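Using the UniProt record's numbering, you'd call the opening residue of the sequence shown number 1 and step up by one each time.
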Amino acid sequence: MLGKKILMTGATGLVARTAAETLAEHNEVWCLGRFTEPEVERRLSDRGIRTWRWDMAGDGLDGVPDDFTHVLHAAVERGDGDFEEVVAVNSVATGRLMTHCRAAEAFLFVSTSALYAPQAPDHRHTEDDPLGAESAWLPTYPVGKLATEGAVRALAATLGLPTTIARLNVAYGPHGHGGLPVIFYRSMLAGQPIAVPHAGQHYCSPIHTDDIARHIPRLWAAAGVPATVVNWGGDEVVGVQDLMTHVSELTGVPVDFVPSDVTRAVIAFDDTRRRSIVGDCEKSWRDGVREALDAHFPGTVEAGTKREVSHRDQ
Numbered sequence: 001m002l003g004k005k006i007l008m009t010g011a012t013g014l015v016a017r018t019a020a021e022t023l024a025e026h027n028e029v030w031c032l033g034r035f036t037e038p039e040v041e042r043r044l045s046d047r048g049i050r051t052w053r054w055d056m057a058g059d060g061l062d063g064v065p066d067d068f069t070h071v072l073h074a075a076v077e078r079g080d081g082d083f084e085e086v087v088a089v090n091s092v093a094t095g096r097l098m099t100h101c102r103a104a105e106a107f108l109f110v111s112t113s114a115l116y117a118p119q120a121p122d123h124r125h126t127e128d129d130p131l132g133a134e135s136a137w138l139p140t141y142p143v144g145k146l147a148t149e150g151a152v153r154a155l156a157a158t159l160g161l162p163t164t165i166a167r168l169n170v171a172y173g174p175h176g177h178g179g180l181p182v183i184f185y186r187s188m189l190a191g192q193p194i195a196v197p198h199a200g201q202h203y204c205s206p207i208h209t210d211d212i213a214r215h216i217p218r219l220w221a222a223a224g225v226p227a228t229v230v231n232w233g234g235d236e237v238v239g240v241q242d243l244m245t246h247v248s249e250l251t252g253v254p255v256d257f258v259p260s261d262v263t264r265a266v267i268a269f270d271d272t273r274r275r276s277i278v279g280d281c282e283k284s285w286r287d288g289v290r291e292a293l294d295a296h297f298p299g300t301v302e303a304g305t306k307r308e309v310s311h312r313d314q
């Protein structure tokens, strides 16, 4: 993309930051957020990105330009148990954003795989599978996303704003909390077990933020009225226990899996529609996880490899 005026929310976190930095090379990029970490805001500014303080929970958009050509909305209020609050904050803030940017060429809303109804662990979900919005580890999160999807569909049709709803799978990369592999690795470092199902394992379609950044322009190009809905994950389906066993092998840090009724459940995607829209991914999950670990814990993978070689030589 060249010469566009782009508005992004959530660019201080995991999902949108790489995209903001990449697109800022040839476009005018604005990022809205609370910017609770001044260092992150400074780094975005150093990339030529314009920042604007915005709290989804109550701030309007007075003073924010309304002539953006493209909008990416990745910010989310996850909630801490208050379903009423999480529905109101997410849906109202999104409604304000879409109305403010109604003249845009395309609007992209980042939704979640967590709003699908449970199926067999190895089931590959399509966009037409039943929705359920149940999550044992964070109950309010999928409810807020599902409610906001409804608002996005309504406003896309009402405003005539071409829109894509992309249901994101397990994203991971160098920014924010790093994604599931990094979150679980922090637990491993603390000596904490990882909760897994009593039988089998959860499967996911992990996607690196480099591929997310590459896909965004094509997801905008696919925007329509009514809104286009697409599952957004990587090319490979991976079991969570297999993924974290690989992390253990890379780092030399032991991993302990404990069967539980409460797990961070994830799902795998059928990627047929996504491939038809954005094509293939470029980053394999093994290479991507190694890079993410190196970004958050410099030297960890190298040290783990040395320990493994030393152990084999003994």
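Quick reminder that beta carbons are idealized off the backbone N, C-alpha and C, glycines included. Keep in mind it's a predicted model, so treat the numbers as computed, not measured.
| Check | Outcome |
| --- | --- |
| Classification of ALA104 by the beta-carbon crowding that lies within 10 angstroms, buried from 16 upward | buried |
| Three-way DSSP call (helix, strand, coil) for HIS296 in this model | helix |
| Contact check, LEU7 vs THR99, beta carbons under 8 angstroms | no |
| Proximity winner among GLY60, MET1, THR12 and ILE194, relative to HIS177 (alpha-carbon distances) | THR12 |
| Alpha-carbon to alpha-carbon, GLY288 and LYS4 | 29 angstroms |
| Residue of PRO226, HIS125 and ARG286 minimising C-alpha distance to residue 326 | This structure cannot settle anything about residue 326, because the visible part of the chain is limited to 1 through 314. |
| Per-residue burial, GLY58 [other beta carbons within 10 Å of its own, 16 or more giving buried] | exposed |
| For ARG34 and THR9, the rounded distance between their alpha carbons | 10 angstroms |
| Candidates ALA151, LEU146, ALA16 and ARG290: closest to LEU72 by CA position | ALA16 |
| Residues of its chain near ILE216, where Cβ-Cβ distance is below 8 angstroms and the 5 sequence neighbours each way are ignored | ALA19, LEU23, LEU72 and LEU108 |
| THR245 beta carbon less than 8 angstroms from that of VAL237 | no |
| The segment 126–146 contacting the segment 180–187, beta-carbon criterion three pairs below 8 angstroms | no |
| Buried or exposed by the 16-neighbour rule on C-beta atoms within 10 Å, applied to TRP220 | buried |
| Buried or exposed (CB count within 10 angstroms, at least 16 for buried), ARG275 | exposed |
| Outcome for HIS296 when other beta-carbon atoms lying within 10 angstroms are tallied against a minimum of 16 | buried |
| Beta-carbon separation (whole angstroms), SER91 vs ALA147, contact threshold 8 angstroms | 5 angstroms |
| Cβ of PRO130 within 8 angstroms of any chain D Cβ | Annotation note: the requested chain D is absent from the structure, which comprises a single protein chain. |
| CYS101 to LEU32 span [Cα, whole Å] | 13 angstroms |
| VAL196 beta carbon less than 8 angstroms from that of VAL258 | yes |
| Contact under 8 angstroms by Cβ, PRO226 with ARG153 | yes |
| Neighbour-count burial assignment, TRP137, 16 or more Cβ in a 10 Å radius | exposed |
| Extent of the continuous alpha helix (DSSP H) to which residue 319 belongs | Outside the modelled stretch of the chain, which goes from 1 to 314, sits residue 319, for which no answer is possible. |
| Integer-rounded CB distance, given that GLY179 should sit under 8 angstroms from ALA171 | 5 angstroms |
| For ASP128 and ASP294, the rounded distance between their alpha carbons | 37 angstroms |
| ASP67 versus PRO118 - alpha carbon distance | 41 angstroms |
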